[in-house]
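Position one of the sequence shown corresponds to residue 1 (full-length UniProt numbering), numbered consecutively onward.
Working notes, beginning with the structure itself.
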Amino acid sequence: MKSHSDSSLPLTVVTGATGTLGRHVVDGLLSSGRPVRAVSRRPRRSGLPSAVEVVTGDLHEPATLNTAFETARALVLIAVPDSAVEVVACARAAGIEHIVVVSSAAVTAGHDTTYNLPVERAVRASGLDWSIVRPGEFATNALLIWGPSIRSGRRVVEPFPDQAGNPIHEQDVADVIVADLLDPDRRGRVDTIVGPDTLTRREQVARIAAAVGDDIALDEVTPEQALRFYREQGGFAADNAEWLYGFTSYDGVEGVADEPREANAASDGAYLTLTEVLGRPGRSYARWARDHAFDFGRPPAD
């Protein structure tokens with residue numbers, strides 16, 4: 001990685017920079033020599049590299065972003081739908097020319113009409129250049145949902161062990177975002193991206209077990225039992241359990257099946273791998289599990 005950025009190159013503002021995905025975006029931009037400014041509600045706790053300018057700001061309060069957007073030419077924007085129109089207006093007034101929206105494949109599927117979709121629409125209507133990245137299921141969800149019980153008891157509680165998906169490595173998502181920022185020819189793209197491996201939940205647990213170097217029990221339970229378990233666990237799993245296990249829609253409507261709400265819900269052909277988007281294979285789930293083995297409690301080597 002380059003140790004410094006080139007101040008003559010366009011400045012990029014990154015929102016969500018202290019999160020797992022945002023940190024990879026920051027690192028990718030720094031590796032390319034691009035100057036980066038991170039927006040954080042708690043700048044002193046950001047933990048970001050010294051080459052990053054960290055400023056105070058809150059997407060929920062657009063008036064706090066004026067300083068953050070000064071002299072910037074590009075913006076990585078995560079979803080805060082209630083203030084999206086105002087945030088985009090601030091960006092435009094500050095002279096930002098290009099916004100990369102970090103959205104969700106749920107928009108492509110037609111499930112997300114109230115969270116990421118309003119942000120996309122605000123950016124598209126702004127008159128600015130834009131790129132939209134819609135990741136599918138993040139592989140890191142396994143760490144957030146299964147991680148606590150794997151660390152404490154080498155156990156996963158799962159009502160749908162044979163449900164398959166294509167989890168994507170967060171580094172691959174970041175690589176697409178960075179590519180959109182660096183290459184002007186990628187403006188105007190909407191990429192719905194998924195991981196290279198189609199795996200059941202059972203197969204995902206097996207790959208995590210191999211990475212950790214220990215057996216992990218998979219307890220098949222009812223959705224109601226899973227809901228109770230993850231509510232008690234707390235954190236991300238508790239916050240998302242009702243949607244994950246079929247008790248609400250993605251948009252949070254209780255008792256409504258997650259059928260596409262948009263008339264033009266996409267076919268499978270809309271979901272792209274990294275080979276199709278960047279011309280190189282995406283990182284495998286086994287690679288992701290190895291990258292996070294210690295997060296799941298792999299014992300240190302002797």
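Glycine included, each C-beta is placed from N, C-alpha and C at the ideal position.
The model shown is predicted, which means the values in this text are computed figures rather than measured ones.
Exercise. For the alpha helix (DSSP H) that contains Glu70, what are its first and last residues?
Worked result: On the sequence shown, position 70 is the one that residue 70 refers to. Where Glu70 is concerned, there is no enclosing alpha helix (DSSP H), given that its DSSP letter is neither H nor E.
For this session: Tell me, please, which residues DSSP counts as bridged to His98.
Result: Along the sequence shown, one-based indexing puts residue 98 at 98. The partner list for His98 (beta bridge, DSSP) reads Ala74, Asp129.
Exercise. Does the Cβ of Gly136 have 16 or more other Cβ atoms within 10 Å, making it buried, or fewer, making it exposed?
Worked result: Counting from 1 along the sequence shown, the entry for residue 136 is found at position 136. Buried, because 16 or more other Cβ atoms sit within 10 Å of the Cβ of Gly136.
Exercise. Run through DSSP, which three-state label would Leu272 get?
Worked result: Position 272 of the sequence shown, counted from the start, is the residue given in the question as residue 272. Leu272: strand per DSSP, three-state reduction.
Exercise. Since Gly165 sits in a beta bridge, which residues does DSSP pair it with?
Worked result: The residue labelled residue 165 in the question sits at position 165 within the sequence shown. Answer is Leu199, bridged to Gly165.
For this session: Determine, using beta-carbon pairs with one atom in the segment 196-205 and one in the segment 105-121, whether at least three such pairs fall under 8 Å.
Result: no
For this session: Can you tell me which of the three DSSP states Pro184 falls into?
Result: Within the sequence shown, numbered from 1, the residue matching residue 184 stands at position 184. Three-state DSSP puts Pro184 in a helix.
For this session: Please look up how many angstroms separate the CB atoms of Leu59 and Thr18, rounded, as I've assumed it's under 8 Å.
Result: Numbered from 1 along the sequence shown, position 59 holds the residue referred to as residue 59. Numbered from 1 along the sequence shown, position 18 holds the residue referred to as residue 18. About 13 Å separates the two Cβ atoms, so there is no contact after all.
Exercise. By Cβ distance, which residues of its chain are closer than 6 Å to Phe229, with the 5 residues on each side in sequence left out?
Worked result: Along the sequence shown, one-based indexing puts residue 229 at 229. Around Phe229: Val157.
Problem set entry | Alpha-carbon spacing of Ala263 relative to Ala109, whole angstroms | Counting from 1 along the sequence shown, the entry for residue 263 is found at position 263. Counting from 1 along the sequence shown, the entry for residue 109 is found at position 109. With a pLDDT of 41 at Ala263, under the threshold of 50, the modelled position of that residue is not reliable, and the figure given next carries that caveat. Distance between the alpha carbons of Ala263 and Ala109: 10 Å.
Exercise. Under three-state DSSP, which class holds Ala263?
Worked result: Mapped onto the sequence shown, residue 263 falls at position 263. Bear in mind that a pLDDT of 41 at Ala263, under 50, signals an unreliable position, so the number given afterwards is only what the model happens to contain. Coil, per DSSP.
Exercise. Relative to the alpha-carbon of Asp180, which residue among Leu29, Glu53, Gln225 has its alpha-carbon at the smallest distance?
Worked result: What you label residue 180 is simply residue 180 of the sequence shown in a count that begins at 1. Considering only alpha carbons, the answer is Leu29.
Problem set entry | Close-in-space but distant-in-sequence residues of the same chain around Pro118 (CB under 7 Å, 5 per side omitted) | Walking along the sequence shown from the start, residue 118 turns up at place 118. If we look at Pro118 and ignore the five residues flanking it on each side, its Cβ neighbours are Pro81, Ala84.
For this session: Report yes if the C-beta distance between Val55 and Thr15 is below 8 Å; otherwise report no.
Result: As a first step, residue 55 is located in the sequence shown; it is residue number 55 there, counting from the start. As a first step, residue 15 is located in the sequence shown; it is residue number 15 there, counting from the start. It is not a contact, given that the beta carbons lie outside the stated cut-off.
Problem set entry | Host beta strand (DSSP E) of Leu218 (start-end) | Position 218 of the sequence shown, counted from the start, is the residue given in the question as residue 218. Where Leu218 is concerned, the enclosing beta strand (DSSP E) stretches over 217-220.
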